[in-house]
Each structure stands twice: as C-alpha cells, then as structure tokens.
Amino acid sequence: MKNFKKQGFLAVFLCLFISLNCLSQNNSQAPAMPSQQNRIIIDKIVEAAHYKNYVIDFCLSKINETSAKEGWNDQKTMEISQSINYKNFRDAIYNSFVVFDEVELETLLKAYEKDTAYQTKNVMTNNKVLINNLNIFATDIVKGKYISK
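Take any residue in the sequence shown, note its place counting from 1, add 355, and you have its number in our numbering.
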C-alpha cells in the first residue's frame with residue numbers, strides 16, 4: 356500500500372510539473388522591431404519600392420478572386436475592400452528589416468532611389484517570410500477580420 360501511495364504521489368507530481376512546463380511556453384515575446392530612425396528609413400524604402408501599392412493590389416486581387424468564386428454581392432466586396440489598411444501590415448515589414456543596421460538601410464534606400472531597374476528586384480517581394488505574412492494578411496482581410504463594426 357505504501358508503494359502504491361508513492362507511485363500515486365509521483366504520478367500527480369509529474370503531471371503537475373508537465374502542465375506547468377506547458378503553460379510556461381505560452382508566454383510569447385513581442386517580435387523584434389527596428390529603432391525609430393530605422394523605421395523612418397524603412398518607410399522611405401517602402402515608398403521608393405512602391406511596396407504599399409503592391410500590398411493593396413495584392414489584397415484587392417485576393418478579394419476579387421474570392422468574390423468571384425463565392426459569388427459575393429457588390430456591397431460585401433466593397434465593404435471588404437474598404438477594410439484594407441496598410442498600417443495593419445506595417446509591423447510585418449518593420450520586423451523583416453530588423454536585421455539591417457542604419458547604414459545598410461540607407462544603402463538600400465539609395466539603391467532604390469537611384470536605379471528604377473533595381474525596384475523590379477524588390478527585396479520585399481522576394482522575402483519568403485514577408486510573402487507568407489502578406490498571404491495571411493490578405494486571407495484575414497477576405498475573411499472580414501479587419502471590418503470595423
């Protein structure tokens with residue numbers, strides 16, 4: 356009987372320890388963000404690369420595709436289209452440039468401003484993480500998650 360109590364106590368203690376360990380992994384940290392000065396440079400890069408227009412056009416194409424597939428009426432399509440707000444996606448862009456220092460960002464900005472052919476090799480449209488985030492953002496817009504009520 357004593358052996359059974361020890362095993363029971365050990366089993367309860369082990370389950371408690373495992374559940375506490377699982378709970379401790381739910382506390383996620385905020386994603387890394389660039390400094391305020393770097394954000395200003397990133398905003399200039401986005402403007403020079405016309406990436407804001409790319410994001411909006413990408414979302415509109417997803418909306419039109421889904422609208423045609425699901426047979427939305429014009430009102431719903433318009434409501435979903437009006438919920439596109441680039442500011443909701445901006446943090447994903449900032450996060451993708453967090454690895455660059457100020458000098459590297461300035462060099463990239465000058466390359467975009469000087470050579471328009473460089474814009475066709477847009478660093479943002481070639482970033483797989485950013486492409487994935489943009490797909491998620493566009494899908495959330497199509498689902499109506501950004502419609503203000």
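We put the CB at the ideal spot given by N, CA and C, even for glycine.
Can you list, in chain order, the residues of its chain with a C-beta nearer than 7 Å to that of residue i? Leave out the 5 residues immediately preceding and following it.
i           : result
residue 401 : 407, 448
residue 426 : none
residue 500 : none
Counting only the same chain and skipping the five closest in sequence on each side, list residues whose C-beta sits under 8 Å from that of residue i.
i           : result
residue 378 : Confidence is the limiting factor: at residue 378 the pLDDT is only 49, short of 50, which leaves the residue's position unreliable, though a coordinate-based value still follows. Around residue 378: no qualifying Cβ.
With C-beta atoms as the reference, is residue i less than 8 Å away from residue j?
i           : j           : result
residue 396 : residue 468 : no
residue 484 : residue 436 : no
As a quick exercise: from the options, pick the residue whose alpha carbon is nearest that of residue i.
i           : options            : result
residue 444 : 398, 362, 423, 393 : 398
residue 438 : 415, 420, 424, 428 : 415
residue 488 : 446, 471, 466      : 446
residue 391 : 460, 420, 494, 466 : 460
If contacts are defined as beta-carbon pairs under 8 Å, then residue i and residue j qualify, I think. What distance do you get, rounded to the angstrom?
i           : j           : result
residue 496 : residue 411 : So it is not a contact: roughly 10 Å between Cβ atoms.
residue 403 : residue 464 : 6 Å
residue 434 : residue 491 : Not quite, the Cβ-Cβ distance comes to about 20 Å (not below 8 Å), so this is no contact.
residue 454 : residue 388 : Contact doesn't hold; Cβ gap of about 12 Å is too wide.
Along the chain, where does the alpha helix (DSSP H) containing residue i start, and where does it finish?
i           : result
residue 413 : 406-425
residue 505 : Outside the displayed span of the chain (356 to 504) sits residue 505, for which this structure offers no information.
residue 503 : Segment: none, residue 503 is in no alpha helix (DSSP H) and carries neither H nor E.
residue 403 : 391-403
residue 492 : 483-497
Take residue i and list the residues in its own chain whose beta-carbon comes closer than 6 Å to its own, dropping the five residues that flank it on each side.
i           : result
residue 432 : 422
residue 442 : none
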